[in-house]
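S.K.: First the structure, which I've put down as structure tokens, then a few questions once you've had a look.
There are 2 protein chains.
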Amino acid sequence: MENFETINGGICAAKGFKASGLYCGIKHGLPDGNESPISNKKNDIAMIFADVECNAAGVYTSNKVKGAPIVVTKKNLAKSGGKARAVIVNSGNANTCNADGEEKALEMCRLTAEALNIPAEQVIVASTGVIGLTLPIEPIKYAVPLLAEKLSYEGNTEAATAIMTTDTVKKEYAVKFVAGGKECHLGGMAKGSGMIHPNMATTLNFITTDCAVSPEMLQKALSEIVKITYNCLSVDGDQSTNDTCMLIASGLAGNTEITTENDDFQIFKNALYQVMKNLTIMLAKDGEGATKLITCVCSSAPDLDTAIIVAKSVIRSPLFKCAMFGEDANWGRILCAVGYAEADFDINKVDVDIASRSGKLAVCRNGAGVDFSEEKAEEILKEDEIEILIGLNSGEVSATAWGCDLTYDYVKINGDYRS
Amino acid sequence: MENFETINGGICAAKGFKASGLYCGIKHGLPDGNESPISNKKNDIAMIFADVECNAAGVYTSNKVKGAPIVVTKKNLAKSGGKARAVIVNSGNANTCNADGEEKALEMCRLTAEALNIPAEQVIVASTGVIGLTLPIEPIKYAVPLLAEKLSYEGNTEAATAIMTTDTVKKEYAVKFVAGGKECHLGGMAKGSGMIHPNMATTLNFITTDCAVSPEMLQKALSEIVKITYNCLSVDGDQSTNDTCMLIASGLAGNTEITTENDDFQIFKNALYQVMKNLTIMLAKDGEGATKLITCVCSSAPDLDTAIIVAKSVIRSPLFKCAMFGEDANWGRILCAVGYAEADFDINKVDVDIASRSGKLAVCRNGAGVDFSEEKAEEILKEDEIEILIGLNSGEVSATAWGCDLTYDYVKINGDYRS
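Which chain is which? The protein sequence lines are U and D, in order.
Under our numbering, the letters of the first sequence match residues 56 to 474, in that order.
Under our numbering, the letters of the second sequence match residues 56 to 474, in that order.
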């Protein structure tokens, strides 16, 4: 499976993708006339531009409340036959639940199309931030021509920074691999640290590749991999209104286009999994207020859905998350969360182990507690990356879910997000 | 509907019920020989004893991990044909996920039956506390004869105190009403402040009445009222393994037994609703770390299930709960939680108001934000009892869900529960 290599470059790692990002004052107003246009304030708007027309696939939030940018992006891709050339994305305002939301999202596309001289329906638009505040269009009018001017094959980090909201670190990951005898590249950027929950698409994620893949196969790969990566991530159990995961393929690697589930498709999916899994781990680690990355592996499940449901149920439990923050080997809470997972298996066969780089410890066998050393448990749980291993002993399938502990700082950050 | 009057007496308000409670050291060991048997430590074991054989109905957790006491209680009631005389209940240890759990629960019943000279299958047993620790039987052996000795028609508060775990206040409520021309009484006690979640039975709840009701009608009333009270309560979204709600009827009021859905049945259900609703509100107010009681009323829904699902979705959202703690009118989070509720309605018709004793404010109409005064919102949200009013504008049905804010103290309490 190790037919890929981690590389730098994020969304610019693949051939044919330029990017840029800058601060335009979506939340705090336009930069002062006397300031340099590129303020030292955090970037809040980004652009991606492909040298050629790309195939595009997307997965979106399942929330009934959908951000206007999602509505517009879907319409655009329907009109363009799944082709895209550019992405425009802002942070600081979600452009959701506003009467003029679609109008503003369309205007973002129009401005971008004009600056790049492409059809507006080939623009993917996304927004993230506060819900229900009117999106100010002036900063965007100001920014778009500058973004177009600044586009560069090294602009990935500028762009990755621009989509951050309460994120404390930018999230980028890229790999190279060989498909059809050609070197291909696939890289992505992501944002999100709260309001991340299983069963929605994801937070904002953009992935680019130069591997030639047909629209159908692109969508298929994305949907499959989202299910076992972003959809297995939970920070707080809330589902955002704006979550979007876009995958865009330029085809510039020169490989024979992947149009069936052949070997190249498996290789491509594996590369996509590596990038999305690593972005998922970055999102979990940077969960709002998180001090620990928690990975829950559910193995020996009868099927994939059961494994996913159980692993997510544990990762999502607030009581379990608090126990992890408190470094307390309260395995009863783990078993409790396994027990209320809505799936069919025999609770009396369930094993639980806790693990970290400090070792591994059995805490439950056949649904009942076993004696264990509290000192060893403490040693394991004081690490900042914890693994919870659930064995259902009812089959052969495994799944992994990622999350974090629940801390004072989560409450602090979210008690005062708007201001 | 006001055919009832609130009275004192909790589980001893109804004719024929004695209760007692004491400290026996379930968690911290037997009281020292030199201490008085009734230590000044918090009571941790309680007994209820009925003068006559009672009809009993129960609702239990839907968690696959079920506490041994639940398994034993169900078996007992099956054997006794739904008849019960006594309840024995401890806090400090859930007697769950232990290899010898059933054995210990059976022993609790046996000891109680012996002390009260009744059949063991007429004993209801319950435990609450840490999961996965072996239940020490010595303190219980010590306590049961003393509890039997101490039984009194005024013992309700001793018992209500004994079932508390992280609860900061005892929870009791009782009403009197007239059914079949006779004065009847119905009262209950409850415990719970974390791990309370919709779709499970409840936390530990015991309700007694002297109203004569057939076993079938008793179960019917309990199931209906649990659905719209305890099951509409969420503190943290976790579902406990030990949740039990028992309703026991002595029939000593002398009314004609309620055996059909007649007027008396409606009156009885209303009394039960009053008691269970008020206990639910007490549980929500005492949510772990809570500083605010949050009530969410979903109205104009097409059906009851939709109304319940939407109201619970809001009450459960961690982001919304943090916003309430921060007194932030972040209505976007409310609409977001409405949007991910798994029910069928038109999000574009949804209205949201926030309210408290300081007034009422429209924040969202037809799924979009409306201008509102931030000062007014602040004034409303700084109160300690907040109402969130959701109008679906898609029907005639309403439901209420209860919860609390998410605070630093929730994290603190649950980061270190076992010790």
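Quick reminder that beta carbons are idealized off the backbone N, C-alpha and C, glycines included.
Note that this is a predicted model, so its numbers are computed, not measured.
Indicate whether D/T263 and D/I66 have their beta-carbon atoms separated by less than 8 Å.
M.R.: Here residue 263 of chain D corresponds to residue number 208 of the second sequence, with the count starting at 1. Here residue 66 of chain D corresponds to residue number 11 of the second sequence, with the count starting at 1. For D/T263 and D/I66, yes; Cβs fall inside 8 Å.
S.K.: Cα separation between U/S94 and U/S269?
M.R.: Position 39 of the first sequence, counted from the start, is the residue given in the question as residue 94 of chain U. Position 214 of the first sequence, counted from the start, is the residue given in the question as residue 269 of chain U. Note that U/S94 scores a pLDDT of 47, beneath 50, so its modelled location is shaky and nothing firm can be said.
S.K.: Measure from the C-beta of U/F59 to each C-beta in chain D and report whether the shortest distance is under 8 Å.
M.R.: Sequence index remark: in the first sequence, residue 59 of chain U carries index 4 (1-based). It does not; no Cβ of chain D falls within 8 Å.
S.K.: Taking only the alpha-carbon atoms, compute the straight-line gap between U/I218 and U/N98 and give it to the nearest angstrom.
M.R.: For this step, residue 218 of chain U is matched to residue 163 along the first sequence. For this step, residue 98 of chain U is matched to residue 43 along the first sequence. Rounded to the nearest angstrom, the two C-alpha atoms are 8 Å apart.
S.K.: Going along chain D in order, which residues have a C-beta closer than 7 Å to the C-beta of U/F320?
M.R.: Within the first sequence, the letter at position 265 stands for residue 320 of chain U. Under the 7 Å cutoff, chain D gives no residues; its nearest Cβ is about 32 Å from U/F320.
S.K.: Provide the residue span of the beta strand (DSSP E) that contains U/V281, from first to last.
M.R.: Position 226 of the first sequence holds residue 281 of chain U. Unbroken run through U/V281 is the alpha helix (DSSP H), 270-283; no beta strand (DSSP E).
S.K.: Taking only three categories from DSSP, how would you classify D/E193?
M.R.: As a working mapping, residue 193 of chain D is identified with position 138 in the second sequence. In the structure shown, D/E193 sits in a helix (DSSP, three-state: H, G or I).
S.K.: How is the alpha helix (DSSP H) around D/N320 delimited, first residue to last?
M.R.: Taking the second sequence and counting its residues from 1, one reaches residue 320 of chain D at position 265. One point to set straight first is that residue 320 of chain D is Phe, not Asn, in the sequence displayed. First-last of the alpha helix (DSSP H) with D/F320: 318-340.
S.K.: At 7 Å on the CB atoms, spell out the chain U contacts of D/A423, in chain order.
M.R.: As a position in the second sequence, residue 423 of chain D is number 368, starting the count at 1. Those within 7 Å of D/A423 in chain U are C152, N153, A154.
S.K.: Do D/T462 and D/T315 have their C-beta atoms closer together than 8 Å?
M.R.: Indexing the second sequence from 1 puts residue 462 of chain D at position 407. Indexing the second sequence from 1 puts residue 315 of chain D at position 260. Their beta carbons are not under 8 Å apart, which means D/T462 does not touch D/T315 by this criterion.
S.K.: If you check the beta carbons only, do D/V120 and U/G184 fall under 8 Å apart?
M.R.: The residue you call residue 120 of chain D lines up with position 65 of the second sequence. The residue you call residue 184 of chain U lines up with position 129 of the first sequence. For D/V120 and U/G184, no; Cβs fall outside 8 Å.
S.K.: In three-state terms, what does DSSP make of U/R165?
M.R.: Translated into positions along the first sequence, residue 165 of chain U becomes position 110. Residue state, collapsed to three classes: helix.
S.K.: Taking all protein chains shown into account, decide if D/T311 is buried (16 or more other Cβ within 10 angstroms of its Cβ) or exposed.
M.R.: Looking up residue 311 of chain D in the second sequence gives position 256. Under this definition D/T311 is an exposed residue.
S.K.: Looking at C-beta atoms only, is the number of pairs between the region 191-199 of chain D and the region 75-85 of chain D that lie closer than 8 Å three or more?
M.R.: These segments touch.
S.K.: Going straight from the alpha carbon of U/K246 to that of D/S182, what length do you get?
M.R.: In the first sequence, the residue the question calls residue 246 of chain U occupies position 191. In the second sequence, the residue the question calls residue 182 of chain D occupies position 127. Rounded to whole angstroms, U/K246 to D/S182 spans 44 Å at the Cα level.
S.K.: I want to see whether chain D comes within less than 8 Å of U/N260, judged by CB atoms only; does it?
M.R.: Taking the first residue of the first sequence as position 1, residue 260 of chain U is located at position 205. It does not; no Cβ of chain D falls within 8 Å.
S.K.: Kindly list, in the order they appear in chain D, the residues whose Cβ is closer than 7 Å to that of U/F380.
M.R.: Counted from its first residue, the first sequence places residue 380 of chain U at position 325. Within chain D, the residues near U/F380 are V466, G470.
S.K.: Does chain D have any CB closer than 8 Å to the CB of U/T455?
M.R.: Numbered from its first residue, the first sequence carries residue 455 of chain U at position 400. With 8 Å as the cut-off, U/T455 does not count as an interface residue toward chain D.
S.K.: At a cut of 8 Å, does the region 208-227 of chain U reach the region 67-77 of chain U through at least three beta carbon pairs?
M.R.: In short, these stretches touch, since the Cβ pair count reaches three.
S.K.: Could you compute how far the alpha carbon of D/T455 sits from the alpha carbon of U/E108?
M.R.: Numbered from 1 along the second sequence, position 400 holds the residue referred to as residue 455 of chain D. Numbered from 1 along the first sequence, position 53 holds the residue referred to as residue 108 of chain U. So the two alpha carbons sit approximately 52 Å from each other.
S.K.: Given 8 Å as the limit, is there contact between the region 218-232 of chain D and the region 327-338 of chain D, that is, 3 or more CB pairs closer than that?
M.R.: With a cut-off of 8 Å, the region 327-338 of chain D and the region 218-232 of chain D count as touching, because enough Cβ pairs lie within range.
S.K.: Run the CB neighbour count on U/N260, radius 10 Å, all protein chains shown included, and call it buried at 16 or more, exposed below.
M.R.: Walking along the first sequence from the start, residue 260 of chain U turns up at place 205. It counts as buried.
S.K.: Compare the C-beta of D/K447 against all C-beta atoms of chain U and say whether one is closer than 8 Å.
M.R.: Position 392 of the second sequence, counted from the start, is the residue given in the question as residue 447 of chain D. Before going on, a small fix: residue 447 of chain D reads as Leu here, not Lys. Closer than 8 Å: no.
S.K.: For U/A175, I'd like the list of residues in its chain whose CB is within less than 6 Å of its CB, leaving aside the five on either flank, ordered along the chain.
M.R.: Against the first sequence, residue 175 of chain U aligns to sequence position 120. So the list reads C164, R165, A168, once near-sequence residues are dropped.
S.K.: Taking only runs of the alpha helix (DSSP H) that begin and end inside the region 197-234 of chain D, which ones reach a length of at least 4 residues, in chain order?
M.R.: Here the runs fully enclosed are 211-217.
S.K.: Name the chain U residues whose beta carbon is nearer than 9 Å to that of D/I186?
M.R.: Position 131 of the second sequence, counted from the first residue, corresponds to residue 186 of chain D. Here the neighbours are N385, W386, G387, R388, L390, C391, G424.
S.K.: In chain U, which residues lie with their C-beta within 7 Å of the C-beta of D/N118?
M.R.: As a position in the second sequence, residue 118 of chain D is number 63, starting the count at 1. Within 7 Å Cβ-Cβ: C391, G394, Y395.
S.K.: On the DSSP bridge list, what partners appear for U/S182?
M.R.: The residue you call residue 182 of chain U lines up with position 127 of the first sequence. DSSP lists U/N145 as partners of U/S182.
S.K.: Secondary structure at D/T296, three-state DSSP: helix, strand or coil?
M.R.: Translated into the one-based positions of the second sequence, residue 296 of chain D becomes position 241. Coil.
S.K.: Residues of chain U with a CB under 7 Å from the CB of D/T221: which are they?
M.R.: As a working mapping, residue 221 of chain D is identified with position 166 in the second sequence. Here the premise fails: no neighbours, minimum Cβ distance about 11 Å.
S.K.: Does the region 338-353 of chain D come close enough to the region 435-444 of chain D to have 3 or more Cβ pairs within less than 8 Å?
M.R.: Touching, per the Cβ criterion.
S.K.: Looking only at C-alpha atoms, which of D/V114, D/G242, D/A141 sits nearest to D/I62?
M.R.: As a working mapping, residue 62 of chain D is identified with position 7 in the second sequence. D/I62 has its Cα closest to that of D/G242, out of D/V114, D/G242, D/A141.
S.K.: Under 8 Å by Cβ, that's how I've got U/E343 and U/I468 pegged, so tell me the actual separation to the nearest angstrom.
M.R.: Start at 1 with the first residue of the first sequence, and residue 343 of chain U comes out as number 288. Start at 1 with the first residue of the first sequence, and residue 468 of chain U comes out as number 413. Sure, about 5 Å apart at Cβ, within 8 Å.
S.K.: If we count the other Cβ atoms within 10 Å of its Cβ and call it buried at 16 or more, is D/V369 buried or exposed?
M.R.: As a working mapping, residue 369 of chain D is identified with position 314 in the second sequence. Counting Cβ neighbours within 10 Å, D/V369 comes out buried, since at least 16 surround it.
S.K.: Taking C-beta to C-beta, are U/T151 and U/D298 nearer than 8 Å?
M.R.: In the first sequence, residue 151 of chain U corresponds to position 96, counting from 1. In the first sequence, residue 298 of chain U corresponds to position 243, counting from 1. No, the Cβ-Cβ distance between U/T151 and U/D298 is not below 8 Å.
S.K.: Between U/D358 and U/G446, which are expected to be in contact by the criterion C-beta below 8 Å, what is the C-beta distance as a whole number of angstroms?
M.R.: Within the first sequence, residue 358 of chain U is the residue found at index 303, counting from 1. Within the first sequence, residue 446 of chain U is the residue found at index 391, counting from 1. At roughly 15 Å, the Cβ-Cβ gap does not stay under 8 Å, so U/D358 and U/G446 are not in contact.
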